[in-house]
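Sequential numbering from 1 applies to the sequence shown in the UniProt record's numbering.
Ideal Cβ positions, reconstructed from N, Cα and C, are used throughout, including at glycine.
Okay, so here's the structure we're looking at.
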Amino acid sequence: MVMSLASTSGRIAGLGAALPTKPRLAARQTVQRLVRAQAARNADTKTNAAAVDVLTTAPSDGTAVGEIMVPEWANMSYDAQYDDIFSKPLNLKKVTPKPDPKAQAQAPGAKAIPFSDVYGKPRTKLFFNREFTAKDKIYLGYMAAVHLGALLAPFTFSWSNFAMFMGMYFITGCFGITLSYHRQLTHRSFTTPKWLEYIFAYCGVMSVQGDPLEWVSCHRYHHLHCETPLDPHSVYEGFWWSHMGWLLDDQATQSRVFDTSNAKDMANDPFYAHLNKHYTWHVVGQFLAIYLLGGFEALIWAGCLRTVWVYHITWFVNSAAHAWGYQDYETGDQSRNNWWVGLLGFGEGWHNNHHAFEFSARHGLEDYQWDMTWVVIQQLQKWGLASNVKLPSDKQKERLRLPKRTWEGAAIKA
């Protein structure tokens with residue numbers, strides 16, 4: 001999951017012919033299979049100079065993905081990929097294979113994330129000795145203000161304010177981010193009547209994580225380039241970067257997020273176009289409405305504290321759920337199933353399941369994996385308000401299931 005920046009102006013041009021989501025995912029999955037097969041065939045070799053050339057064609061409309069150069073990746077770290085990719089003009093037709101975690105662990109300067117087997121290394125200066133753009137300064141000032149406001153919560157407590165906090169937490173976190181922005185709009189895992197889709201999407205606007213179009217576009221790029229140097233928030237650049245550091249570096253993020261041409265299914269919708277253009281006014285209006293309804297104390301609880309709370313839960317999916325937890329399925333990345341992120345994030349913490357089956361409306365695939373968002377979708381189905389609900393078949397699950405569950409890199413009995 002991601003939180004979108006406020007604007008995409010100035011992002012890399014030339015992606016107008018980008019593929020729709022399904023062909024992109026198909027191409028990525030094809031490349032991943034080829035890379036795994038090539039790695040297996042060359043497991044005993046020392047070279048990383050060989051390459052496999054693949055020409056893939058999108059099955060739906062015949063749009064060519066382009067020539068995909070898949071380097072021999074058995075010994076390639078994230079650092080090596082980063083230095084190669086950003087040392088020359090970006091090749092937007094090149095699908096970058098996943099880095100080798102063992103090679104990354106041996107990269108100079110890489111350090112293990114505490115209590116994890118994932119090794120990260122910052123590739124940009126986070127705070128000091130770096131240039132802050134005007135957008136960075138505005139965003140940093142906003143983040144400081146809303147976090148400072150949240151710190152006033154203990155001094156303004158009342159049960160009515162707490163009730164407002166919990167209600168807004170569920171409305172913006174569950175309805176807005178996990179159900180609407182993520183599962184419905186980004187991955188199209190189910191459909192609802194348009195009027196209900198728009199209501200849920202507006203709940204996402206109230207989360208103050210960006211307008212629907214940009215959030216969806218950014219998250220689709222994350223899945224296309226997951227944990228490679230083109231991922232906007234790869235955990236291989238450290239826990240802080242994947243958690244929220246990437247949001248405070250507009251130039252670095254724009255070099256990876258490109259534009260919104262991968263979300264044309266939404267860009268042509270007048271409702272989403274309006275929210276994209278006037279998003280800031282809707283955010284200001286929300287905070288003003290909270291103040292008028294409940295005063296300063298409500299603004300602290302239902303505004304600042306709730307916003308910060310939902311922020312960090314969303315960000316923990318990008319950071320904690322890529323560093324701590326276990327894996328049941330072969331995904332080729334560091335996505336983990338994390339129970340406490342799953343609990344706080346309305347089911348989003350079952351992240352290894354999600355990366356294995358991005359199309360699935362249900363993330364908690366086991367009975368003991370509580371998924372509140374899935375409960376809501378099931379109820380919508382019963383009421384006739386959700387249809388085309390997508391789930392992985394038993395055959396699909398068995399095909400990707402690991403022989404043994406892996407927990408922090410150590411195989412344990414499932």
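Cβ shell of residue 226 (< 6 Å), same chain only, five flanking positions each side left out: In the sequence shown, counting from the first residue as 1, residue 226 sits at position 226. Around residue 226: 333.
Alpha helix (DSSP H) runs wholly inside the segment 200-246, at least 4 long, in chain order: 212-224 and 239-243
Candidates 215, 337, 80 and 281: closest to residue 363 by CA position: Within the sequence shown, residue 363 is the residue found at index 363, counting from 1. Answer by Cα proximity: 337.
Proximal residues to residue 263 (C-beta, below 7 Å), its chain only, five neighbours per side dropped: The residue you call residue 263 lines up with position 263 of the sequence shown. Excluding residues within five positions, the ones whose Cβ falls inside 7 Å are 213, 216, 217 and 220.
Stretch-stretch touch, CB-based, cutoff 8 Å, three pairs: the segment 304-321 with the segment 342-350: They touch, by the three-pair rule.
Burial state of residue 374 (16 or more Cβ within 10 Å): The residue given as residue 374 occupies position 374 in the sequence shown. With 16 or more Cβ atoms within 10 Å of its Cβ, residue 374 is classed as buried.
Proximity of residue 82 and residue 123 at Cβ, strictly below 8 Å: Position 82 of the sequence shown, counting from 1, holds the residue named residue 82. Position 123 of the sequence shown, counting from 1, holds the residue named residue 123. Yes, the Cβ-Cβ distance between residue 82 and residue 123 is below 8 Å.
C-beta atoms of residue 97 and residue 77 nearer than 8 Å: Your numbering for residue 97 matches position 97 in the sequence shown. Your numbering for residue 77 matches position 77 in the sequence shown. Contact: no.
Ranges of the alpha helix (DSSP H) found wholly within the segment 113-152, counting only runs of at least 4: Within the segment 113-152, the runs of alpha helix (DSSP H) at least 4 residues long that lie entirely inside it are, in chain order, 134-150.
Contact set for residue 107: own chain, Cβ-Cβ below 8 Å, skip 5 residues either direction: For the purposes of this step, residue 107 is taken as the residue at position 107 of the sequence shown. If we look at residue 107 and ignore the five residues flanking it on each side, its Cβ neighbours are 77, 78, 79, 80, 119 and 121.
Spatially closest choice to residue 310 from 193, 113, 150 and 260, by CA coordinates: As a first step, residue 310 must be located in the sequence shown, where it is residue number 310. Nearest C-alpha to residue 310: 150.
Exposure label - residue 368; buried when at least 16 CB within 10 Å: Start at 1 with the first residue of the sequence shown, and residue 368 comes out as number 368. Its Cβ having fewer than 16 others within 10 Å, residue 368 is exposed.
Coil, strand or helix - residue 394 by DSSP: For the purposes of this step, residue 394 is taken as the residue at position 394 of the sequence shown. Residue 394: helix per DSSP, three-state reduction.
Assumed close pair residue 313, residue 173 - CB separation to whole angstroms, cut-off 8 Å: Within the sequence shown, numbered from 1, the residue matching residue 313 stands at position 313. Within the sequence shown, numbered from 1, the residue matching residue 173 stands at position 173. 7 Å between Cβ atoms; contact.
Closest by C-alpha distance to residue 85, when choosing among 230, 165 and 161: Your numbering for residue 85 matches position 85 in the sequence shown. Checked all of 230, 165 and 161; the closest Cα to residue 85 is 230.
Delimiting residues of the alpha helix (DSSP H) encompassing residue 373: Position 373 of the sequence shown, counting from 1, holds the residue named residue 373. Counting along the chain, the alpha helix (DSSP H) containing residue 373 begins and ends at 372-382.
Own chain partners of residue 233 with C-beta closer than 6 Å, once the 5 adjacent residues on each side are dropped: Taking the sequence shown and counting its residues from 1, one reaches residue 233 at position 233. Hits under 6 Å: 242, 246 and 318.
Selection from 159, 114, 386 and 329 that minimises the alpha carbon distance to residue 302: Sequence index remark: in the sequence shown, residue 302 carries index 302 (1-based). Among 159, 114, 386 and 329, the Cα nearest to that of residue 302 is on 159.
Bounding residues of the beta strand (DSSP E) (the contiguous stretch that carries residue 403): Counting from one through the sequence shown, the residue named residue 403 turns up at place 403. Element bounds for residue 403: 401-407.
Exposure label - residue 296; buried when at least 16 CB within 10 Å: Counted from its first residue, the sequence shown places residue 296 at position 296. By the 10 Å Cβ count, residue 296 comes out exposed.
For residue 111, three-class secondary structure by DSSP: Walking along the sequence shown from the start, residue 111 turns up at place 111. DSSP places residue 111 in strand when its eight states are reduced to three.
Euclidean distance between Cα positions of residue 376 and residue 316: The residue you call residue 376 lines up with position 376 of the sequence shown. The residue you call residue 316 lines up with position 316 of the sequence shown. Using only the alpha carbons, I get a separation of about 22 Å.
Span of the alpha helix (DSSP H) around residue 327: One-based indexing of the sequence shown puts residue 327 at position 327. No alpha helix (DSSP H) holds residue 327; the beta strand (DSSP E) holding it covers 326-329.
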